[in-house]
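Each residue of the sequence shown is one higher than the last, beginning at 1 in UniProt numbering.
Positions of the beta carbon are idealized from the N, C-alpha and C atoms, including for glycine.
Remember, predicted model here, so these are calculated numbers, not experimental data.
Below: one structure, written as structure tokens.
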Amino acid sequence: METEPNITANGEANNNTTDVVQDQAPPTEEEQVPSESIPTAKQEDKYYQDARKYWSRIAPTVDGMLGGFGSISFTDIRGSDQFLKNLFKMKPAPGRGQALDCGAGIGRVSKGLLMAWFDRVDLAEQDGAFCETAGKELEATGKLGTIYNKGLQEFVPEEGKYDLIWSQWVLGHL
């Protein structure tokens, strides 16, 4: 079997089958990330503590989850449903057994969207009051799996467990 020659750093052909790693120039001053813009562990801890404090003061309602814009919930769910319809038209389509709702809040997306598509839905949510509300709201569906009362910065899903991991509104908070 004939292989394409690798090109060395000086542009010469090399017929070895091993990869050639080219030296890279150090980043220019413009490319360097200032060290003060990289958060320290202490700053990250404070960021997540502040977030926990903020969300602990938010009512466990649809309006609370959407920052006072509860009226967009239907439109949001409808758009997400269309996204899933297109996703499940793919070949091969993902399975429909188990989903994980990340930053699930009170389970608005789980109830209005994911439970229509999946047999079982787990939730990951850092606020205890939201977890409690979600449990009460979703228990009767028969599709509620585990509610993980944990922030996503610490949560590690079990490898291979989920057919879909849904992260939407929460991404801006990580």
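Check: contact_flag[the stretch 118–133, the stretch 75–87] where n(CB pairs < 8 Å) is 3 or more; Outcome: no
Check: Cβ-Cβ separation, residue 143 to residue 119 (assumed contact under 8 Å), whole Å; Outcome: 7 Å
Check: Residue 82 - DSSP class collapsed to helix/strand/coil; Outcome: helix
Check: Cβ-Cβ distance between residue 62 and residue 68 below 8 Å; Outcome: no
Check: Buried/exposed call for residue 130, threshold 16 Cβ in 10 Å; Outcome: buried
Check: Environment of residue 133 [buried if 16+ CB atoms lie within 10 Å]; Outcome: buried
Check: Start and end residues, alpha helix (DSSP H) containing residue 54; Outcome: 41–56
Check: Neighbour-count burial assignment, residue 54, 16 or more Cβ in a 10 Å radius; Outcome: exposed
Check: Close beta carbons around residue 66, own chain, < 7 Å, minus the five adjacent residues each side; Outcome: 72 and 73
Check: Sequence-distant residues of the same chain with beta carbon closer than 7 Å to residue 157, five excluded per side; Outcome: 100 and 165
Check: Cross-strand partners of residue 106 (DSSP beta bridge); Outcome: The partner list for residue 106 (beta bridge, DSSP) is empty, contrary to what the question assumes.
Check: Rounded separation between residue 92 and residue 110 - CA only; Outcome: 24 Å
Check: Residues of its chain near residue 155, where Cβ-Cβ distance is below 7 Å and the 5 sequence neighbours each way are ignored; Outcome: 124 and 148
Check: Given residue 177 as reference, the closest of 103, 114 and 107 once Cα atoms are compared; Outcome: Residue coverage of the chain in this structure runs from 1 to 174, which leaves residue 177 outside it and unanswerable.
Check: Contacting residues, own chain, Cβ-Cβ under 8 Å from residue 128 (five flanking each side not counted); Outcome: 149
Check: Host alpha helix (DSSP H) of residue 156 (start-end); Outcome: Run containing residue 156: none; DSSP gives neither H nor E here.
Check: Own chain, CB closer than 6 Å to residue 77, minus 5 neighbours either side, in chain order; Outcome: 112 and 113
Check: Limits of the unbroken beta strand (DSSP E) element including residue 124; Outcome: 120–125
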